[in-house]
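Enquirer:
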Amino acid sequence: MFEFFAGIFGYLLELLYSLVNNYGLAIILFTVAIKVILLPLSIKQQKTLKKSTKLQEKMRILQFKYKNNPEKLNQEMMDLYKSENMSPFSGCLTSILQIILLLSVFFLVRCPLTYMEKVPSEDINKYIGQLQEANKITSSAYPEIDIIREHEWIKEKNPDDNNIEKLDIQMMFLGLDLSKVPQQNMTDYTVYIIPILYILSSFISIRMTTAMQEKMDKKSQDKVIEETTTGKELVVEDKNEVDTIMQTNKMMSWMMPIMSISIAFIAPLGLALYWLINNVLMLLERLILNKVLKTEEE
């Protein structure tokens, strides 16, 4: 499945590369294009998040009211979801899409000749064999990156090959070689620039998300206290449960960046650049959408 999406994304990345003739610029434009395509889903997600916060207020009241009657509580919960036209799994789609994007782009950046340039696999295997016969450095994880790096030598060995020109991908971007893998070039300080910037952007994103969630939870608790006679008792009683949920949410919010950072150090820098630009765009998107949706509510 991920190979299928990597192939589709490859057509878009190849089109953008043909316009700018630079792999780094093409990845930036590719990231912007994906964000624009997914913008309607992002808007829906933000609206669902705000709606879910209001739903939590009503759910807390039900949980307190029917705490000794689980069957009645479950029925009331289902009725509440139906009346609000929401699903308990409304947030799952976004998580699934994030995983698909994460792995599909990884496949794309790992094998740009296969998914971006559409070089036949038999030709790729031939080039790898030639590099190995000449005792040139080849990586079992990223052989296509090695082919791109040695494209001039391969061109001399295969002067009549029709696919040779596809091997010449301009990987240099602002003085950084996007074909390099940090794990394989640990003495080169330049390979850490993009991953470090990505880590910083992830930290800012997590802090922003956590602050927004805490603010919404505070408003929700205040509203429960205002609107119910048992509000104060309810908030005190479920405080430990809310704290546990918040801690779980914080852990979940860290999981994706930690996994991404781990992959960024063992993958070509092109992947880290995609994640960095994606994080920056996501931060801007959240700020703008929050302001727009808040204005709509008012």
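Converting from the sequence shown to our numbering requires adding 1187 to each position, the first position being numbered 1. Backbone N, C-alpha and C define an ideal beta-carbon position, used for all residues, glycine too.
Please report how far the alpha carbon of GLU1428 lies from the alpha carbon of MET1246, in whole angstroms.
Expert: Counted from its first residue, the sequence shown places residue 1428 at position 241. Counted from its first residue, the sequence shown places residue 1246 at position 59. At GLU1428 the pLDDT is 49, less than 50, meaning the model places this residue with poor confidence; the figure from the coordinates comes in the next sentence. Straight-line Cα distance between these residues: approximately 13 Å.
Enquirer: Does the beta-carbon of TYR1198 have 16 or more other beta-carbons within 10 angstroms, so that it is buried, or is it exposed?
Expert: Here residue 1198 is taken as the residue at index 11 of the sequence shown, counted from 1. Exposed, because fewer than 16 other Cβ atoms sit within 10 Å of the Cβ of TYR1198.
Enquirer: Would you mind listing the alpha helix (DSSP H) stretches within the stretch 1326-1359 that are 4+ residues and don't spill past its ends, in chain order?
Expert: Runs found: 1330-1336 and 1338-1344.
Enquirer: Which value, in whole angstroms, describes the spacing of the CA atoms of ILE1341 and TYR1210?
Expert: In the sequence shown, the residue the question calls residue 1341 occupies position 154. In the sequence shown, the residue the question calls residue 1210 occupies position 23. Straight-line Cα distance between these residues: approximately 20 Å.
Enquirer: For ASN1466 and TYR1385, I'd like the C-alpha separation in whole angstroms.
Expert: In the sequence shown, residue 1466 corresponds to position 279, counting from 1. In the sequence shown, residue 1385 corresponds to position 198, counting from 1. Each residue's Cα considered, the two are about 8 Å apart.
Enquirer: Buried or exposed, going by whether 16 or more other CB atoms sit within 10 Å of the CB of THR1374?
Expert: Numbered from 1 along the sequence shown, position 187 holds the residue referred to as residue 1374. Counting Cβ neighbours within 10 Å, THR1374 comes out exposed, since fewer than 16 surround it.
Enquirer: Between SER1389 and PHE1196, what straight-line distance do the alpha-carbon atoms span, to the nearest angstrom?
Expert: As a working note, residue 1389 is residue 202 in the sequence shown. As a working note, residue 1196 is residue 9 in the sequence shown. Their backbone Cα atoms lie some 24 Å apart in a straight line.
Enquirer: Would you mind stating whether PHE1192 and ILE1287 have Cβ atoms separated by less than 8 Å?
Expert: On the sequence shown, position 5 is the one that residue 1192 refers to. On the sequence shown, position 100 is the one that residue 1287 refers to. Yes. Within cutoff.
Enquirer: Please name the residue, chosen from LEU1284, LYS1305, ASP1364 and PHE1360, that lies closest to ILE1351 on a Cα-to-Cα basis.
Expert: Indexing the sequence shown from 1 puts residue 1351 at position 164. ILE1351 has its Cα closest to that of LYS1305, out of LEU1284, LYS1305, ASP1364 and PHE1360.
Enquirer: Would you identify the three-state DSSP class for ASP1266, choosing helix, strand or coil?
Expert: On the sequence shown, residue 1266 is found 79 positions in, with the first residue counted as 1. Residue state, collapsed to three classes: helix.
Enquirer: Relative to the alpha-carbon of ASN1372, which residue among ARG1297, ALA1454 and LEU1212 has its alpha-carbon at the smallest distance?
Expert: For the purposes of this step, residue 1372 is taken as residue 185 along the sequence shown, with counting starting at 1. Comparing Cα-Cα distances from ASN1372 to each of ARG1297, ALA1454 and LEU1212, the minimum goes to ALA1454.
Enquirer: Mapping DSSP to helix, strand and coil, what is ASP1486?
Expert: The first residue shown for the chain is 1188 and the last is 1485, placing residue 1486 beyond what the model contains.
Enquirer: Between the beta-carbon of GLU1331 and the beta-carbon of PRO1299, is there less than 8 Å?
Expert: As a working note, residue 1331 is residue 144 in the sequence shown. As a working note, residue 1299 is residue 112 in the sequence shown. Their beta carbons are under 8 Å apart, which means GLU1331 touches PRO1299 by this criterion.
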